[in-house]
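Trainee:
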Amino acid sequence: MDVLINNAGIAPMKKAVDTTLEDWEHVMDTNLKSAFLLSRGVGKIMLKQKKGKIINVGSILGNMAASIAMPYCVSKAGIAHMTRALALEWASSGINVNCIAPGFFETEMTQYQQQNKSHRKFLNFKIPFKRLGKPEEIVGAAIFLASEASDYMTGSTLVIDGGYTIW
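Note that the numbering used here has the sequence shown beginning at -15, numbered continuously upward.
(1) Since I79 and G27 should fall inside the 8 Å C-beta cutoff, what is the C-beta to C-beta distance between them, to a whole number of angstroms?
(2) Do you know how far the Cα of H65 is from the Cα of A133?
(3) Check the DSSP bridge columns for A53 and list the partner residues they point to.
(4) How many angstroms separate the CA atom of A85 from the CA atom of A19?
(5) Within 10 angstroms of the Cβ of G147, are there 16 or more other Cβ atoms? Answer buried if so, exposed if not.
(6) Below 9 Å between beta carbons: does that hold for G117 and D145?
(7) I'd like to check one pair, N47 with T138: are the Cβ atoms closer than 9 Å?
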């Protein structure tokens, strides 16, 4: 086992007061618990082989808040912290654990942002490239983190957001 990529994400668009316990648990199970379980399972194999790369896909919303996606933000903050904790614990065993934090990309999950005219206008203002990212624009970061070029890198987060978080 050489590489594990944890790339699960759901984000129901609801205000916190409208978020049910079932909504919360579904987001946490999908976004955070699955990454923990897979990392733990694959981590055992990597610890035995004394090498491996784990790449967690977080989000820029793991470091900033969104008013209608509180469980998503919390789960992705958990991904960022889990990345650092596992990196610290497993580095001496030759395992690199890093994170990719995408901004807004043209995916099914961002249909709301793409279709809502005022939100699209806001994103075009906030993103210096004046557009959402394309899924293929994130591949290079994953290839880099899976390669020998990142062998001396662990516990880090690569932000790929078109400059959204420059502000």
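From the three backbone atoms N, C-alpha and C, an ideal C-beta is built for every residue, glycine too.
Mentor: From the atom records:
(1) On the sequence shown, residue 79 is found 95 positions in, with the first residue counted as 1. On the sequence shown, residue 27 is found 43 positions in, with the first residue counted as 1. Going by Cβ atoms, the distance from I79 to G27 rounds to 7 Å, so yes, they are a contact pair.
(2) Residue 133 sits at position 149 when you count from the first residue of the sequence shown. Residue 65 sits at position 81 when you count from the first residue of the sequence shown. Going by the C-alpha atoms only, they are around 23 Å apart.
(3) Position 69 of the sequence shown, counting from 1, holds the residue named residue 53. Paired residues: K(-2).
(4) Within the sequence shown, numbered from 1, the residue matching residue 85 stands at position 101. Within the sequence shown, numbered from 1, the residue matching residue 19 stands at position 35. If you take the alpha carbons of A85 and A19, they lie about 15 Å apart.
(5) Here residue 147 refers to the residue found at position 163 of the sequence shown. Exposed.
(6) Position 133 of the sequence shown, counting from 1, holds the residue named residue 117. Position 161 of the sequence shown, counting from 1, holds the residue named residue 145. With contacts defined by Cβ atoms closer than 9 Å, G117 and D145 form a contacting pair.
(7) Working through the sequence shown from its first residue, we reach residue 138 at position 154. Working through the sequence shown from its first residue, we reach residue 47 at position 63. Contact: no.
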